[in-house]
Structure formats: C-alpha cells, structure tokens
Amino acid sequence: MAKNEDIQKHRQLWQAVYEPVRRDIIDLTLPPGVHLREADLAERFSVSKTPVREALFQLSKDGLVEILSYRGAVITGYTHTDLVEVYQLREILQGACAREAAQAMVVDDVVELGRIVRDSEECLADGRIEVLPDLFESFDDLIYRQTRNQRILDLLTYLDAHLRRIGNLTVGIPGRLDKSVHQHSQIYEAIAVRDPEAAESTMRFHIRSVLADQVATFDMDSLNRDRESVS
Numbered sequence: 001m002a003k004n005e006d007i008q009k010h011r012q013l014w015q016a017v018y019e020p021v022r023r024d025i026i027d028l029t030l031p032p033g034v035h036l037r038e039a040d041l042a043e044r045f046s047v048s049k050t051p052v053r054e055a056l057f058q059l060s061k062d063g064l065v066e067i068l069s070y071r072g073a074v075i076t077g078y079t080h081t082d083l084v085e086v087y088q089l090r091e092i093l094q095g096a097c098a099r100e101a102a103q104a105m106v107v108d109d110v111v112e113l114g115r116i117v118r119d120s121e122e123c124l125a126d127g128r129i130e131v132l133p134d135l136f137e138s139f140d141d142l143i144y145r146q147t148r149n150q151r152i153l154d155l156l157t158y159l160d161a162h163l164r165r166i167g168n169l170t171v172g173i174p175g176r177l178d179k180s181v182h183q184h185s186q187i188y189e190a191i192a193v194r195d196p197e198a199a200e201s202t203m204r205f206h207i208r209s210v211l212a213d214q215v216a217t218f219d220m221d222s223l224n225r226d227r228e229s230v231s
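Using the numbering used here, you'd call the opening residue of the sequence shown number 1 and step up by one each time.
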C-alpha cells in the first residue's frame, strides 16, 4: 500500500511540473530554443530535481524538448520537414474521423456541429476573430469523438500539442481564417447529409489547405531558433 502511495506521490510531483511547462511551450511563453535548466525548474516548482527530470523526459516523449546531457533540456523548434510530416499525419487521421462522423454521428451532435459553424461565421463577420481558435478546437474535438479507434485518438492527442504550437507560431496568415470557416462549413454539410466520401475528402482538402498556407509563410527563425545560441 505504501509503495502505491509513493508511486502516486511521485506522479503528482512530476505532473505538477510537466503540465504548466507543457502549457507554456504550447502558448509560446517558452519559445523554441529556450534552455530549461533542472535547477531553475526545481526552484520554480519547489520540488527536487527527480520529478523535474521525469517531467522533462515526458516532454521529450511528446517531442517538445530535447534532453541535454547534464544540462536540462532545450525546447525544440520545427523544420520544414517536421511541418509537412505533422500535417500529413493530421490529414489522414482527421479524414478518417470525418468519414466515421458522417456514418455514425448522432443527430444532437450534428446539430451542435452546425451551431459551431454558424457561430464561427458570425464571429468572422463581426470581427471577433479572437473567439475563432476555441470554436475551431470545438469543431475538431466533436468530430474526433466520433471515432471508435483508440489508436487514432492517441495519435491525435500526441499531435494536438504540436498543432496548437505551430498555429501559435504561424498566427496571422492573411485570409486563413476565412478559408477555415468556409471549409468547416463544407465539412459540416457533408457530415449532415451522411456522405462519408465527401466528409473525408473535404476534411483532407482543408488540412492540405492549412499546410499550404503555413508552408507559404514559413519562418525558419520563429519556428526553429538557432540552438547554437543555447549555453
């Protein structure tokens, strides 16, 4: 019993470091290239270095940091290849979810999906663009929930942090919000009429469209800070 309690306590300690650091990496409070020192994190969270090391290990598994021997970790950036690979995987996974949604989504969820699309259109028209990221996330989450494939969900969970961080790194692409709102409407319409092929193809087109815009405005300096500056 005592051993289980010790394991649970250790887990709580490293998660108390992992969760806020992960959030800071995603929202760019901690941008690519920043050096995370074990001693600094231990002091910040009032813990020993052991849970800090475990938190950094978990973040490295997420692909968000690179462990440095005896020097903590450095927050990773993205190369052009990283960007393409992340979105290629996203296209396959979300396309499969959209297909399944068209086949199995219950009426109440279809209605909710339509409401999200209408709210997005209204926010875009009114200039309330700060609300759109949350609406886009709700749209995706509702479609994700339709799949019964746990491995797809696990992969999407892994990708989520990267997709949100890339979105923050490439925010402000001209015309992108208008395209996404319109494309979400097309995806919704395909799901609402129970057309699996159209749902998958419109979703995959949407993801390719996002990737194309991000590649066109790809900024190597912001996405992948020079690690030679890390000391």
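Don't be surprised by glycine CBs; every beta carbon is placed ideally from N, CA and C.
- In the DSSP assignment, residue 66 falls within the unbroken beta strand (DSSP E) covering 65–67.
- Taken through DSSP and simplified to helix, strand or coil, residue 75 comes out as strand.
- Note: residue 35 is bridge-paired with 74 in the DSSP secondary-structure output.
- Listed in chain order, the non-local C-beta contacts of residue 67 below 8 angstroms within the same chain comprise 56, 57, 60 and 73, local neighbours out to five positions each way being set aside.
- Taking each of 126, 13, 98 and 93 in turn and checking the Cα distance to residue 177, the smallest one comes out for 126.
- Between the region 89–104 and the region 131–151 there are three or more inter-stretch CB-CB distances shorter than 8 angstroms, so the stretches are counted as touching.
- Within the same chain, 209 come within 7 angstroms of residue 179 by CB-CB distance, once the 5 residues on both sides are set aside.
- Taking one beta carbon from each stretch, the region 28–42 and the region 68–88 have 3 or more pairs nearer than 8 angstroms; the two touch.
- Contact annotation: the region 78–94 does not touch the region 39–55, with fewer than three C-beta pairs closer than 8 angstroms.
- Per DSSP, reduced to three states, the secondary structure at residue 173 is coil, with no helix or strand assignment.
- In this structure, residue 189 sits away from residue 98, with a CB-CB distance that is not shorter than 8 angstroms.
- With contacts defined by Cβ atoms closer than 8 angstroms, residue 91 and residue 164 do not form a contacting pair.
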